[in-house]
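Read in order, the letters of the sequence shown correspond to residues 477 to 901 in our numbering. Ideal Cβ placement from N, Cα and C applies to all residues, glycine included.
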Amino acid sequence: MSDKVAILHLPGQDPVELPIFSGTAGNDVIDIRSLGKTGYFTYDPGFLATASCESAITFIDGDEGILLHRGYAIDDLAYKSDYLEVCYLLLNGQLPSEKEFAKFKHTVLHHTMLHEQLVAFYRGFRRDSHPMAIMVGVVGALSAFYHDSLDITNESCREIAAFRLISKMPTLAAMSYKYSIGQPFMYPDNTLSYAGNFLKMMFGIPCEQYVVNPVLESAMDKILILHADHEQNASTSTVRLAGSSGANPFACIAAGIASLWGPAHGGANEACLEMLEEIGTVDRIPEFVARAKDKDDPFRLMGFGHRVYKNHDPRATVMRKTCHEVLDDLKIDDPLLDVAMELERIALEDPYFIEKKLYPNVDFYSGIVLRAMGIPRTMFTVIFAVSRTIGWISHWKEMLDQPGQKIGRPRQMYTGEVDLHYPEK
Ligand code: CMC
C-alpha cells in the first residue's frame with residue numbers, strides 16, 4: 477500500500493483520499509481508480525498527464541533527454557549492442573548469456589520465410605499501393621495463416637507468435653517494396669544478419685549476387701535499435717488497447733502499424749523528406765521557417781519537436797552521428813541533404829525553436845540516412861514498423877502477464893444532444 481495520499485476536494489462531498497504510488501523512476505502517480513464512486517471522471521484527452529499502465533520495459537525522462545530500455549541507456553545499447561540483443565533484452569527483461577543469445581538469434585534468423593500462400597496474397601494489392609497500406613493488410617493476415625499460435629492464454633503460443641513476428645517483419649516489409657516496383661520477391665537469406673538480410677531482400681535481385689555494404693548494415697542496425705521501443709506512445713498504446721480485449725497478436729500488431737502510420741508519429745520521417753523536397757533549395761529555407769512560426773499557418777517543420785523530449789532526443793544524438801558517417805562513407809552529393817543540414821543549423825539557432833524546445837528528433841536524421849541509403853521515402857515508416865515490432869510485442873506480453881489484466885475502456889465527457897425525440901412520420 478502507498479503511504480502517500482492526495483486529497484481531492486469535490487463540491488458538496490467529503491474530501492477523497494487517493495493513494496499516490498511511486499515507480500523506480502519518473503513521476504509519482506495518483507491512483508484515481510476509485511474516483512468513479514464520487515460521480516466524477518478525470519478528463520485528459522491526449523493523455524497529457526495520465527499513466528495508462530504499469531510497465532518495466534522502457535523509461536523516458538523527457539526533460540533530461542534520457543531513454544532507458546530495461547535500465548540500459550539507449551546510446552550504450554546503440555554503440556555496444558545490436559538489434560537482436562536489444563530485442564532479447566526488451567522481450568525478456570535482461571541481457572542474454574552467450575548461449576541464450578545464440579539460441580534466440582538462431583530462432584529469429586531461421587523463421588524468416590512466409591507461408592507461400594501469403595506471398596500470393598500480395599498480388600491482390602494495386603502496384604501503386606503505399607507499402608504501409610500493404611503492411612496493415614499482410615500483418616493482420618498473418619492471423620489467417622498461423623492458426624497454431626493464436627491461443628493467447630498459452631505461453632508457448634505467445635512465444636511462437638512473438639518469434640514469428642520478429643522474424644518475418646523484414647520479409648513482409650521488403651516484399652511490400654518489391655511489389656510496388658514490380659521486381660521479383662527475394663527470399664530471405666538466413667546466413668546474413670537481421671539488417672543485412674533486410675538490405676538484400678530490399679535491393680538484391682535474383683539474377684545478381686548481392687554483397688551487403690557493412691556501413692549500411694551497421695547504420696540499418698542502429699536505425700532498428702533506436703526505434704525499437706518508446707514506452708506508451710500512440711502505436712504501443714494502440715497495441716495494448718487492442719490486446720486488452722484478447723485479440724490475437726498479429727491483429728494487435730496490425731493495429732499498431734495503422735497507428736504508427738500518421739505523420740505526427742511514425743509517418744514523420746516520410747513527411748520530413750516530403751517537406752525537404754518541397755523546400756527544394758537552401759535559399760527557400762527562411763520562407764518555410766517563417767511559415768512554421770506563423771500561428772495562422774498550419775505548416776510545421778516535420779522532424780522537429782517531440783511530445784516527451786523537451787530538451788533533446790537522445791536517439792537523435794546517435795542518429796545524427798550515424799547520419800554523418802553514412803554521408804561521408806557514401807560520398808553522396810544530394811542537394812536535399814544540403815537543405816536538411818542547413819535547416820538543422822537554422823532551426824537550432826532560431827529563438828522560436830529554442831524557446832519552444834523544438835529540436836530535431838530521431839526521424840529527422842533517420843529520414844536523411846534512409847534516403848542516402850537509397851530507400852524510397854514510402855518505406856521509411858515501414859522500417860520504423862519493422863523495428864518497433866519488438867517494442868509492441870514486449871508491451872503486449874507484459875500486459876497479458878500482469879495479474880488482474882482488464883480490458884481498456886476509457887470514459888468520456890459527453891457533449892452531444894440529449895432528449896431529442898424521433899419525428900413523427
Ligand atoms: N514546427 C513548428 N512549430 C511546432 C512544431 C513544429 N514541428 N512542433 C510543435 N510546434 C509548436 C506548436 O505550434 C505549439 O506552439 P504554441 O504553443 O504557440 O501553440 C508548440 O510548439 C507546442 O506544440 P504541441 O503540438 O502542443 O506539442 P505536442 O507535444 O502535442 O506535439 C509533436 C509533439 C511531435 C506532435 C509536434 O512537435 C509535431 O507535430 N512535430 C512534427 C512531427 C514530428 O516530427 N513527429 C515525430 C515525433 S518523433 C517520432 C515518434 O516518437 O513518433
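Quick one: give me the first and last residue of the alpha helix (DSSP H) that residue i is part of.
i, result
"aspartate 697", "690-702"
"valine 612", "607-621"
"histidine 800", "790-806"
"isoleucine 844", "838-848"
"isoleucine 830", "827-831"
"histidine 871", "856-877"
"histidine 582", "574-585"
"valine 595", "592-597"
"leucine 565", "559-568"
"methionine 751", "744-755"
"tyrosine 653", "631-657"
"leucine 571", "From DSSP, leucine 571 is part of no alpha helix (DSSP H); its letter is neither H nor E."
"leucine 717", "710-720"
Pull the bridge partners of residue i from the DSSP assignment, please.
i, result
"threonine 891", "None; threonine 891 has no bridge partner."
"phenylalanine 497", "Val505"
"alanine 731", "Alanine 731 pairs with nothing; no bridge assigned."
"leucine 543", "Ile536"
"tyrosine 921", "Within the shown structure, residues of the chain are numbered from 477 to 901, placing residue 921 beyond reach of any answer."
"valine 492", "Leu484"
What residue range does the beta strand (DSSP E) around residue i cover?
i, result
"isoleucine 483", "480-484"
Is the distance from the Cβ of residue i to the Cβ of residue j below 9 Å?
i, j, result
"leucine 777", "valine 765", "yes"
"threonine 857", "methionine 608", "yes"
"tyrosine 828", "aspartate 697", "no"
"isoleucine 533", "leucine 543", "no"
"leucine 702", "valine 802", "no"
"phenylalanine 639", "glycine 613", "no"
"proline 682", "methionine 662", "yes"
"serine 711", "arginine 864", "yes"
"phenylalanine 780", "alanine 823", "yes"
"serine 870", "isoleucine 699", "no"
"proline 495", "isoleucine 483", "no"
"arginine 546", "glycine 522", "no"
"cysteine 799", "isoleucine 761", "no"
"asparagine 666", "threonine 588", "yes"
"serine 531", "serine 605", "no"
"leucine 812", "aspartate 705", "no"
"alanine 649", "glycine 732", "no"
"isoleucine 859", "leucine 846", "yes"
"proline 836", "aspartate 773", "no"
Helix, strand or coil for residue i? Go by DSSP, reduced to three states.
i, result
"threonine 534", "strand"
"tyrosine 785", "coil"
"phenylalanine 764", "helix"
"phenylalanine 679", "helix"
"phenylalanine 780", "strand"
"serine 669", "coil"
"glutamate 818", "helix"
"lysine 769", "helix"
"alanine 527", "coil"
"threonine 426", "Past the edges of the chain, shown from 477 to 901, lies residue 426, and the structure says nothing about it."
"lysine 901", "coil"
"lysine 556", "helix"
"threonine 514", "helix"
"valine 758", "helix"
"glycine 600", "helix"
"arginine 885", "coil"
"proline 739", "coil"
Quick check on the burial criterion: 16 or more other C-beta atoms within 10 angstroms. Buried or exposed for residue i?
i, result
"histidine 897", "exposed"
"arginine 887", "exposed"
"serine 669", "buried"
"methionine 889", "exposed"
"asparagine 673", "buried"
"threonine 518", "exposed"
"threonine 647", "buried"
"arginine 603", "exposed"
"phenylalanine 497", "exposed"
"leucine 594", "buried"
"phenylalanine 775", "exposed"
"alanine 525", "exposed"
Using a threshold of 8 Å, is the CB atom of residue i nearer than that to any non-hydrogen atom of the ligand HEM?
i, result
"aspartate 789", "Among the ligands modelled here, namely the ligand CMC, the ligand HEM does not occur."
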